[in-house]
Amino acid sequence: MIDPAIADRIRQLREEIRRHDEHYYREARPLIADADYDALKRELAELEAAHPELASPDSPTATVGDDRTPGFETYRHREPMQSLDNTYSEAELRAFDARLRKLLGAEVLDYVVEPKVDGVAVSLTYERGRFVRAVTRGNGVEGDDISANARLIPTLPMTLAGTGHPEVVEIRGEIFMTIEEFRRINREREEAGLDGFANPRNLAAGTVKLLDPREAARRRLDIVLYGLGFVSEPLIRRHHELHERLAAWGLPTLERFWTVQGIDAAWAAIAELDGMRDAFAYATDGAVVKLDDLELQREAGSTARAPRWAIAYKFAAERAETLLRDITIQVGRTGVLTPVAELAPVQLAGTTVSRATLHNADEIARKDVRIGDTVIVEKAGEIIPAVVGVNLEKRPPQSVPYRFPTQCPECGTEAIRLPGEVAWRCPNLGCPAQVRRRIEHFASKACLDIEGLGTAMVDTLVDKGWVRSIPDIFTLRREDLLTLGRNVEKSTDNLLAAIERAKRAELWRFIHGLGIPGVGAAAAKDLARRFGSLEALANASVEELEAIPGIGAKTALGIRAFFNEPENQILLSRLQDLGVQPTPPPAAGEGEDNNGAVAGKTFVLTGTLPHLKRDEARAKIEVAGGKVTGSVSRKTDYVVAGDEAGSKLTKAQQLGVPVIDEAQLLEMLGESLA
Ligand code: IVH
44 MIDPAIADRI
54 RQLREEIRRH
64 DEHYYREARP
74 LIADADYDAL
84 KRELAELEAA
94 HPELASPDSP
104 TATVGDDRTP
114 GFETYRHREP
124 MQSLDNTYSE
134 AELRAFDARL
144 RKLLGAEVLD
154 YVVEPKVDGV
164 AVSLTYERGR
174 FVRAVTRGNG
184 VEGDDISANA
194 RLIPTLPMTL
204 AGTGHPEVVE
214 IRGEIFMTIE
224 EFRRINRERE
234 EAGLDGFANP
244 RNLAAGTVKL
254 LDPREAARRR
264 LDIVLYGLGF
274 VSEPLIRRHH
284 ELHERLAAWG
294 LPTLERFWTV
304 QGIDAAWAAI
314 AELDGMRDAF
324 AYATDGAVVK
334 LDDLELQREA
344 GSTARAPRWA
354 IAYKFAAERA
364 ETLLRDITIQ
374 VGRTGVLTPV
384 AELAPVQLAG
394 TTVSRATLHN
404 ADEIARKDVR
414 IGDTVIVEKA
424 GEIIPAVVGV
434 NLEKRPPQSV
444 PYRFPTQCPE
454 CGTEAIRLPG
464 EVAWRCPNLG
474 CPAQVRRRIE
484 HFASKACLDI
494 EGLGTAMVDT
504 LVDKGWVRSI
514 PDIFTLRRED
524 LLTLGRNVEK
534 STDNLLAAIE
544 RAKRAELWRF
554 IHGLGIPGVG
564 AAAAKDLARR
574 FGSLEALANA
584 SVEELEAIPG
594 IGAKTALGIR
604 AFFNEPENQI
614 LLSRLQDLGV
624 QPTPPPAAGE
634 GEDNNGAVAG
644 KTFVLTGTLP
654 HLKRDEARAK
664 IEVAGGKVTG
674 SVSRKTDYVV
684 AGDEAGSKLT
694 KAQQLGVPVI
704 DEAQLLEMLG
714 ESLA
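As structure tokens, then:
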């Protein structure tokens, strides 16, 4: 008899997991914490195991998800890319070993224990030692060809070192992003008024799927390799030999792995890994235990989703329980209202945590988080701690469900929700919180860099009503500022001098400081180079904007909309009246149509390009305002590598200089081969 309540719950779980898979794999923007997702998956797996009659071949527990997205060529893996089954306890891990020993009729099995890298799975194909392509897992059978972005990874060799390269080999691994790079990019995005990424994995997943080579070249990805797919000739007999082979070929390999006998030793290795993984360049969310002997691997075989000869053991994310004292709402520069958990301070993963994100109104409602609750806070791969649940046993009897404010807590304006967005926003551009954030941004180091105009000063100026919008900064009066305290003559004069200097700051700093949605420092530089003045930029058409590599359709529309806003037109003309004259960037090269992507950049050419002769490539770059030099240094912006690229390519990889191919160069030049 099928229990309808269980069948219902299974259906519900499958639906919910599919929805999260869509966000996780295709958009790289999860709606929930990894731990919450894992809990849903576990519940489903347990129900399916207890009710085999309700199993289904397309249940999310039986498939590997699907990351394929429009805009990419798909490629069929020669050998499918599988996933791994997860375990969460020592007992489950021992059960895996017991199953395998029974299946293979062995007393003790040799295992390799490896870190489980929390990145984006990739399959690289090398033919006779040359890189041919990089493909995502996709649905396991066929994935997206992301070769163009993989070529930009400085540590990935296009030609293998050493000898003994098979005719064809698929090498499997993980693309990841370091924490520092993750922080750098999120900082830039925040400055541009864009949502940050939740963790390095999501950012790496978003980056491998960028269609814009300029943007991709700005983000540094890394890679580590640990497995084999198809090989045209036998290469190794034991899995651990692979790591030595990969290293000899000059490929980036795992920082540590353990070859052990039996599950006790495997468990000890996992403990050792847990103690050292914080020092790794990549985030590790567990260990992978693999049978070492390839012959035995073949004998054990696989299910549709995962091999029987390997298993993942997931480390528990660090969690703590604490009191949720209050929920406050932060108003961002663009008006987004973000709920923040104000916690009784608690120790978590070596730091004291007193605030955590609650993501958005939907998440608070879904978890039914209430002020006064004892909540569970987690810091997993995520950098920002998150509230992942409530300890209901400790809920005070008088507690009430949290009501997300319908009004901006700063200015009282009715909050709105834009179609397709989870976030609530304050639509009032004059909202003091937004004004403060906009002024702070304008004056910050990354923009006008006005010394003396930090958070506290901005708060004062906005509270006094002296500054309501950016141009007001340039109307501040000495006599007013002198009323702010005793002995403030010197600091006042310094501030006024810094403001005066800012009037002639570089154009890109102004563009960045305006806070146009989607325009960070890098895009601001491109716009400054292309248009040369605020007026020219304000008059640019969407087509002209979109023609700049690195400016996508959405950003182009955002820029146009910004300058169409009458309020912003008044802002610009006031700036002009107040004597603000940004310094345009130095002219790069000759000619009207300098391509923003190439102008001012230094290139090094190496190897034989498929179509262009060296001189042709040089001429094209120079006409577009770029420079070509003979040797690679830290000052080189791009190395264009063709066939037989040699030491210059190696140097570029060592220095972390982006490496592009001919097609990417042509794209940057706004040309194509067609
Ligand atoms: S082996 C057929 N080894 O974790 C076995 N996978 O959750 C394929 N992963 O699909 C995987 N580190 O993308 C293997 N040392 C490691 C790994 C690893 C991370 C990823 C891989 C896999 C996923 C399963």
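Here the numbering used here is used: the first residue of the sequence shown is 44, the next is one more, and so on.
Cβ atoms here follow ideal geometry from the backbone N, Cα and C, with glycine treated the same way.
Could you tell me the alpha carbon to alpha carbon distance between D515 and R617, rounded to whole angstroms? Along the sequence shown, read from residue 1 onward, the residue named residue 515 stands at position 472. Along the sequence shown, read from residue 1 onward, the residue named residue 617 stands at position 574. Spanning the two alpha carbons is a distance of roughly 9 Å.
Within 10 Å of its beta-carbon, does L435 have 16 or more other beta-carbons around it, so buried, or fewer, so exposed? What you label residue 435 is simply residue 392 of the sequence shown in a count that begins at 1. Exposed is the call here.
Tell me the DSSP bridge mates of G186? Here residue 186 refers to the residue found at position 143 of the sequence shown. For G186, DSSP records a beta bridge to Y118.
Take G634 and list the residues in its own chain whose beta-carbon comes closer than 6 Å to its own, dropping the five residues that flank it on each side. As a first step, residue 634 is located in the sequence shown; it is residue number 591 there, counting from the start. With a pLDDT of only 40 at G634, under 50, the local geometry of the prediction cannot be trusted, and the value read off the model is given with reservation. Hits under 6 Å: none found.
Is V271 a contact residue of the ligand IVH, with contact defined as CB to any heavy atom under 7 Å? For the purposes of this step, residue 271 is taken as residue 228 along the sequence shown, with counting starting at 1. One point to set straight first is that residue 271 is Leu, not Val, in the sequence displayed. Not so, every heavy atom of the ligand IVH lies at least 7 Å from the Cβ.
Please report how far the alpha carbon of T250 lies from the alpha carbon of T179, in whole angstroms. Residue 250 sits at position 207 when you count from the first residue of the sequence shown. Residue 179 sits at position 136 when you count from the first residue of the sequence shown. Those two C-alpha atoms are separated by around 12 Å.
Which partner residues does E58 have in the DSSP bridge list? In the sequence shown, counting from the first residue as 1, residue 58 sits at position 15. DSSP lists no partner for E58.
Look up Y445 in the DSSP assignment and say whether it is helix, strand or coil. Residue numbering aside, residue 445 sits at position 402 when the sequence shown is read from its first letter. Note: Y445 maps to coil in three-state DSSP.
Quick one: does the C-beta of A164 sit closer than 7 Å to a heavy atom of the ligand IVH? As a working mapping, residue 164 is identified with position 121 in the sequence shown. A164: yes, Cβ under 7 Å from the ligand IVH.
At a cut of 8 Å, does the region 329-348 reach the region 123-142 through at least three beta carbon pairs? Under the three-pair Cβ rule at 8 Å, the region 329-348 counts as touching the region 123-142.
Ranges of the beta strand (DSSP E) found wholly within the region 168-217, counting only runs of at least 3: Within the region 168-217, the complete beta strand (DSSP E) runs of at least 3 residues are 173-179, 185-187.
By the 10 Å Cβ neighbour count, where 16 or more other Cβ atoms means buried, how is H484 classified, buried or exposed? Counting from 1 along the sequence shown, the entry for residue 484 is found at position 441. H484 is buried by the Cβ-count criterion.
In whole angstroms, what separates the C-alpha of A564 from that of Y681? Position 521 of the sequence shown holds residue 564. Position 638 of the sequence shown holds residue 681. Computed Cα separation, rounded: 19 Å.
If you draw a straight line from the C-alpha of A48 to the C-alpha of I370, how long is it? The sequence position of residue 48 within the sequence shown is 5, counting from 1. The sequence position of residue 370 within the sequence shown is 327, counting from 1. A direct Cα-to-Cα measurement between A48 and I370 gives close to 35 Å.
Using the C-alpha atoms, what's the distance from G685 back to P209? Sequence index remark: in the sequence shown, residue 209 carries index 166 (1-based). Sequence index remark: in the sequence shown, residue 685 carries index 642 (1-based). Annotation: P209 to G685 spans about 22 Å, alpha carbon to alpha carbon.
Neighbour-count burial assignment, N637, 16 or more Cβ in a 10 Å radius: Against the sequence shown, residue 637 aligns to sequence position 594. Low confidence applies to N637: its pLDDT is 42, below 50, so where it sits in the model is not reliable, and the reading given next is rough at best. Classification for N637: buried.
Should S126 be listed as close to the ligand IVH, given that the test is whether its C-beta is under 7 Å from any heavy atom? If you number the sequence shown from 1, residue 126 lands on position 83. If you check the C-beta of S126 against the ligand IVH, you find a heavy atom less than 7 Å away.
Need the endpoints of the alpha helix (DSSP H) that E361 sits in, please. The sequence position of residue 361 within the sequence shown is 318, counting from 1. Premise fails: E361 lies in the beta strand (DSSP E), 361-374, not in any alpha helix (DSSP H).
Could you check whether the Cβ of P197 sits closer than 7 Å to any heavy atom belonging to the ligand IVH? Here residue 197 refers to the residue found at position 154 of the sequence shown. No, the Cβ of P197 stays beyond 7 Å of every heavy atom of the ligand IVH.
Less than 7 Å separating the Cβ of E287 from some heavy atom of the ligand IVH? Mapped onto the sequence shown, residue 287 falls at position 244. In this structure, E287 has its CB at a distance of at least 7 Å from all heavy atoms of the ligand IVH.
Skipping 5 residues on each side, what residues in its chain have a beta carbon closer than 6 Å to that of A717? Residue mapping note: residue 717 aligns to position 674 of the sequence shown, counting from 1. Low local confidence applies: a pLDDT of 46 at A717 is under 50, so the model's placement there is unreliable, with the coordinate-based value given in what follows. If you ignore the 5 residues before and after A717, its C-beta comes within less than 6 Å of no other C-beta in its own chain.
Return the Cβ separation of K422 and L391 in integer angstroms, given the expectation that the two are a contact with Cβ distance under 8 Å. Position 379 of the sequence shown, counted from the start, is the residue given in the question as residue 422. Position 348 of the sequence shown, counted from the start, is the residue given in the question as residue 391. 5 Å between Cβ atoms; contact.
Using 8 Å as the Cβ pair cut-off and three pairs as the minimum, do the region 87-105 and the region 428-442 touch? In this structure the region 87-105 does not lie against the region 428-442, because fewer than three pairs of beta carbons, one per stretch, are closer than 8 Å.
Local conformation of E298 per DSSP, three classes: Translated into the one-based positions of the sequence shown, residue 298 becomes position 255. E298 falls in the coil class under three-state DSSP.
Could you name the residues of the same chain whose beta carbon sits closer than 8 Å to that of L237, not counting the 5 residues immediately before and after it, in chain order? For the purposes of this step, residue 237 is taken as residue 194 along the sequence shown, with counting starting at 1. So the qualifying residues of the chain are P560, G561, G563.
When the Cβ atoms of the region 602-620 are set against those of the region 529-541, are three or more pairs found closer than 8 Å? The count of Cβ pairs closer than 8 Å, one atom from the region 602-620 and one from the region 529-541, stays below three, leaving the stretches out of contact.
Runs of 4 residues minimum, wholly inside the region 528-554: which ones carry the alpha helix (DSSP H) assignment? 532-545, all fully within the region 528-554.
Would you identify the three-state DSSP class for E633, choosing helix, strand or coil? Here residue 633 refers to the residue found at position 590 when the sequence shown is read from its first residue. Any reading at E633 must be qualified, since the residue scores a pLDDT of 40, below 50, and its modelled position is unreliable; no value is offered.
Using a Cβ-based criterion (distance less than 7 Å to any ligand heavy atom), does V331 qualify as near the ligand IVH? In the sequence shown, residue 331 corresponds to position 288, counting from 1. True, at least one ligand heavy atom lies under 7 Å from that Cβ.
Who pairs with A355 in a beta bridge, going by DSSP? In the sequence shown, the residue the question calls residue 355 occupies position 312. Its beta-bridge partners are N129, V331.
May I ask you to report which of helix, strand or coil DSSP gives Y80? As a position in the sequence shown, residue 80 is number 37, starting the count at 1. In this structure, Y80 counts as helix in the three-state DSSP scheme.
Classification of N192 by the beta-carbon crowding that lies within 10 angstroms, buried from 16 upward: Numbered from its first residue, the sequence shown carries residue 192 at position 149. Counting Cβ neighbours within 10 Å, N192 comes out buried, since at least 16 surround it.
Check whether the Cβ of K159 sits closer than 7 Å to any heavy atom of the ligand IVH, and report yes or no. As a position in the sequence shown, residue 159 is number 116, starting the count at 1. Answer for K159: yes, Cβ within range of the ligand IVH.
What separation, rounded to the nearest whole angstrom, lies between the Cα atoms of A631 and R85? Within the sequence shown, numbered from 1, the residue matching residue 631 stands at position 588. Within the sequence shown, numbered from 1, the residue matching residue 85 stands at position 42. Any reading at A631 is ruled out, since the residue's pLDDT is 49, under 50, leaving its predicted position unreliable.
DSSP state of Q624, grouped into three classes? On the sequence shown, residue 624 is found 581 positions in, with the first residue counted as 1. In the three-state DSSP reduction, Q624 falls in the coil class, being neither helix nor strand.
Kindly confirm or deny that the region 249-268 and the region 700-708 touch, where touching means at least three C-beta pairs closer than 8 Å. By the C-beta criterion, the region 249-268 is judged to be in contact with the region 700-708, since at least 3 inter-stretch pairs fall below 8 Å.
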